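Notes follow once the structure below has been shown.
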Amino acid sequence: MLHDPTFWVAVAFIGFLAVLVYFKVPPLIAKQLDIRADKIRAELEEAKKLREDAQSLFADYQRRQHDALQTAEEIVARAKEDAEILRKESIKELEVTLARRQELAEIKIRQAEEKAVAEVQGIAVDVAIAAAAKLMQDGLQGDRADALIDQSIKGLEKQLN
1 MLHDPTFWVA
11 VAFIGFLAVL
21 VYFKVPPLIA
31 KQLDIRADKI
41 RAELEEAKKL
51 REDAQSLFAD
61 YQRRQHDALQ
71 TAEEIVARAK
81 EDAEILRKES
91 IKELEVTLAR
101 RQELAEIKIR
111 QAEEKAVAEV
121 QGIAVDVAIA
131 AAAKLMQDGL
141 QGDRADALID
151 QSIKGLEKQL
161 N
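Written out as structure tokens, the structure is:
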């Protein structure tokens, strides 16, 4: 038995365990394991808290994104409404402007017509005066005077056209 190596390995192992117990190594190991377990537990709690915070932030950002999309849709709808109102106002202003221009054009046409009529009347007066003067100079009477007046009237028609 003293020559058997297994016996000496067993004695050395028991001696090693006795030294460990004598120097209080098992409580130290247990203490280190407890510290490590507490550290892991704290990290898990921190991770859980961070996860909850992340979920809260994610929900907040989703809500903000939803609100932003709603606001954007409202802005687009309002812009479309404003554009439609502006288009209608522009059409009304254009119609008013066109009516005003048409009225001004009609006034100018009337003025041009009145001016033309006045010119024609002026020409007719000048022709009548000239005919009257010619009649007075020639001292024409009767048929000859009537023929001369008719001729002046026909000449007037040619000048007017």
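Numbering of the sequence shown is given in full-length UniProt numbering, commencing with residue 1 and proceeding in unit increments.
Think of the CB as a built atom: it goes at the ideal place given N, C-alpha and C, for glycine as much as any other residue.
Since this is a predicted model, take the numbers as computed values, not measurements.
Could you tell me the boundaries of the alpha helix (DSSP H) in which residue i lies?
| i | result |
| --- | --- |
| leucine 17 | 5–22 |
How long is the line joining the alpha carbons of residue i and residue j, rounded to whole angstroms?
| i | j | result |
| --- | --- | --- |
| arginine 87 | glutamate 52 | 52 Å |
| leucine 28 | threonine 6 | 30 Å |
| lysine 31 | serine 56 | 37 Å |
| arginine 110 | alanine 124 | 20 Å |
| histidine 66 | phenylalanine 58 | 12 Å |
| alanine 118 | leucine 94 | 35 Å |
| glutamine 101 | aspartate 146 | Inspection of the sequence shows that residue 101 is occupied by arginine rather than by glutamine. If you take the alpha carbons of arginine 101 and aspartate 146, they lie about 49 Å apart. |
| valine 9 | lysine 24 | 23 Å |
| lysine 40 | glutamate 46 | In the sequence under discussion, the amino acid at residue 40 is isoleucine, which differs from the lysine named in the question. Isoleucine 40 and glutamate 46: Cα-Cα distance of roughly 10 Å. |
| alanine 77 | threonine 71 | 10 Å |
| aspartate 126 | alanine 112 | 20 Å |
| glutamate 81 | tyrosine 61 | 30 Å |
| leucine 69 | isoleucine 85 | 24 Å |
| alanine 42 | methionine 1 | 53 Å |
| residue 213 | threonine 97 | Since the first and last residues shown for the chain are 1 and 161, residue 213 lies out of range. |
| lysine 108 | alanine 83 | 36 Å |
| tyrosine 22 | aspartate 4 | 27 Å |
Quick check: residue i and residue j, are their CB atoms within less than 9 Å of each other?
| i | j | result |
| --- | --- | --- |
| serine 90 | alanine 128 | no |
| alanine 131 | leucine 148 | yes |
Below 8 Å on the Cβ atoms is my contact criterion, and I expect residue i with residue j to pass it. Report the Cβ-Cβ distance as a whole number of Å.
| i | j | result |
| --- | --- | --- |
| proline 26 | leucine 20 | 7 Å |
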